[in-house]
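Numbering (UniProt numbering), first residue to last: 1 to 298.
Dropping the structure here:
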């Protein structure tokens, strides 16, 4: 019996040095049945690493360059379309695995639990050494414990390809932020579970290269929460959801009111399209969300 294939999916923009570390941490895995998919918009010479005779000119590494700047969801969708594996593994281009057994752990958990659609990895900041973007409510108590949750961190995760095929993938119009939560809702609605798996560890260097400014981040934070609520959140929860997120975004941005207004305007301009896309989660999924660490209200 052949072992399932892992597809490591990386998207990158002008982080050549960090990308090297990410790929090297994959190549160091004690695991052979894999491929690496790299989707790049880079203009810093990244392509040279994958050209004939380049450092990563290898049969298992597939590099695709696209001119212009893609949003994260669109680039991830393309990576998933190119991938052939049973399990699609994603780490940011400024992240890396910390041990050589992560790939084996990913395969093991998916093979053991057919209902698992996504594995969320344990992500630790490379500089502060703290666990970041934790998909639960009690980081101090739960960070070393496997548990079922309702969302995952985009920086490090794996998705069952057959589960992804039952969804619409990432919403490409989101550009940046909340796309993982959107896909989480879709997968939960299909009956799959999301598991936080602390045995799969990565460090995240959070390189500023390739990132947009704080005002852009603020706009997209609230804009995509509006998009998300229209697409998936039942109306009886949507208003309180958006009220809380508008206030929270203002708090995090230190009252960047113009960015928040831009976010609302941009989302509302797309309201007719969002309403056509609307597939609210069922009462059954709402119940699951309410019984697990979740983000239905926040």
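Note that beta-carbon positions come from the ideal geometry of N, C-alpha and C, so glycine has one too.
Residue i versus residue j - alpha carbon distance
i	j	result
residue 220	residue 263	6 Å
residue 290	residue 136	13 Å
residue 22	residue 91	8 Å
residue 1	residue 85	Residue confidence is low: residue 1 scores 46 on pLDDT, short of 50, so the model does not pin down where it sits. No coordinate-derived value is stated.
residue 164	residue 171	13 Å
residue 89	residue 282	28 Å
residue 216	residue 25	31 Å
residue 70	residue 214	18 Å
residue 250	residue 107	41 Å
residue 218	residue 266	13 Å
residue 83	residue 110	17 Å
residue 279	residue 233	8 Å
Minimum Cβ-Cβ distance from residue i to chain D less than 8 Å
i	result
residue 55	Within the model displayed, chain D is absent; a lone protein chain is all it includes.
Where residue i falls, given that 16 or more other Cβ within 10 Å makes a residue buried
i	result
residue 29	buried
residue 257	exposed
residue 156	buried
residue 45	exposed
residue 59	exposed
residue 65	exposed
Residues that DSSP places opposite residue i in a beta bridge
i	result
residue 90	9 and 157
residue 64	39
residue 49	Looking at the DSSP assignment, residue 49 forms no beta bridge with any residue, so it has no partner.
residue 267	Residue 267 pairs with nothing; no bridge assigned.
residue 124	131 and 203
residue 118	159 and 194
Residue i CB to nearest heavy atom of the ligand NAD below 7 Å
i	result
residue 50	The model depicted lacks the ligand NAD and carries no ligand whatsoever.
Can you check the stretch 163-237 for any alpha helix (DSSP H) of at least 4 residues that lies completely inside it and give the ranges in chain order? 179-189 and 214-232
Touching by the beta-carbon criterion (3+ pairs, under 8 Å), the stretch 176-189 and the stretch 221-233: yes
Segment contact, 8 Å Cβ cut-off, at least three pairs: the stretch 101-112 with the stretch 190-206: yes
Segment contact flag, the stretch 50-62 with the stretch 27-42, C-beta cutoff 8 Å, min 3 pairs: yes
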